[in-house]
Amino acid sequence: MNADHVMEENAQALGKVDIYRIECNDFKQLITLRSDLSWSVLTSIYARKQQIERKLIATHTQPVKQRVIKMLFELAQLFGTRCLHGYALEIFLTQQELADLVGASRSVVSTIMNNFRNQGVLNYTREQICINDPALISIELSSES
53 MNADHVMEEN
63 AQALGKVDIY
73 RIECNDFKQL
83 ITLRSDLSWS
93 VLTSIYARKQ
103 QIERKLIATH
113 TQPVKQRVIK
123 MLFELAQLFG
133 TRCLHGYALE
143 IFLTQQELAD
153 LVGASRSVVS
163 TIMNNFRNQG
173 VLNYTREQIC
183 INDPALISIE
193 LSSES
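For the sequence shown, the positions run 53 to 197 when the numbering used here is used.
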């Protein structure tokens, strides 16, 4: 990568954050001088690569329903807070964004989410998804067999 190359990234914060920007050449110099930092960056990149590979394999081998279940569990672990029935996800996530995350169409994900709602597995609004994790686990187990 040359120093003139601009990398465009975006992120959405769920709470209060501090953001730092570092020039590419400064970053290169920093990881050259600090082997502990280099190792940390390398292990983070490797873990992310493995996660991406698992998701790619799942997208090509698992039914959409299974991928939605796994994504809901992943979101619960990352952003959920324990509540009476399982997890409350207080994140703004449209059905289109969920569909993009699992590699499916919005209409298919909408049907799956509505079925889950009708089965009492989850409830959702535009601002929150409430996951009844014992019910979701039983659906996951029954769809795996």
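Each residue gets a CB set at the ideal place from its N, CA and C atoms; glycine is no exception.
The model shown is predicted, which means the values in this text are computed figures rather than measured ones.
- C-alpha gap between Ile104 and Ile143, whole angstroms: In the sequence shown, the residue the question calls residue 104 occupies position 52. In the sequence shown, the residue the question calls residue 143 occupies position 91. Here the alpha carbon of Ile104 sits roughly 22 Å from the alpha carbon of Ile143.
DSSP state of Cys135 mapped onto helix, strand, coil:
As a working mapping, residue 135 is identified with position 83 in the sequence shown. The three-state secondary structure of Cys135, taken from DSSP, is coil.
Item to complete: Please check the pair Asn170 and His137, which I expect to be a contact at CB under 8 Å, by giving their CB distance rounded to whole angstroms.
Response: The residue labelled residue 170 in the question sits at position 118 within the sequence shown. The residue labelled residue 137 in the question sits at position 85 within the sequence shown. About 16 Å; that fails the 8 Å criterion.
Next item on the list: Measure the beta-carbon distance from Gly141 to Ile181 and round it to whole angstroms, keeping in mind my assumption that it falls under 8 Å.
Entry: Taking the sequence shown and counting its residues from 1, one reaches residue 141 at position 89. Taking the sequence shown and counting its residues from 1, one reaches residue 181 at position 129. A small correction: the amino acid at residue 141 is Leu; Gly does not occupy that position in the sequence shown. So it is a contact: roughly 4 Å between Cβ atoms.
- request: Please confirm whether Lys122 and Ile164 have their CB atoms less than 7 Å apart.
  value: Along the sequence shown, one-based indexing puts residue 122 at 70. Along the sequence shown, one-based indexing puts residue 164 at 112. Cβ distance not < 7 Å, so Lys122 and Ile164 don't count as in contact.
*Is it buried or exposed for Gly132, if we count other Cβ within 10 angstroms and need 16 for buried?*
Looking up residue 132 in the sequence shown gives position 80. By the Cβ-count criterion, Gly132 is buried, with 16 or more other Cβ atoms from all chains shown falling within 10 Å of its own Cβ.
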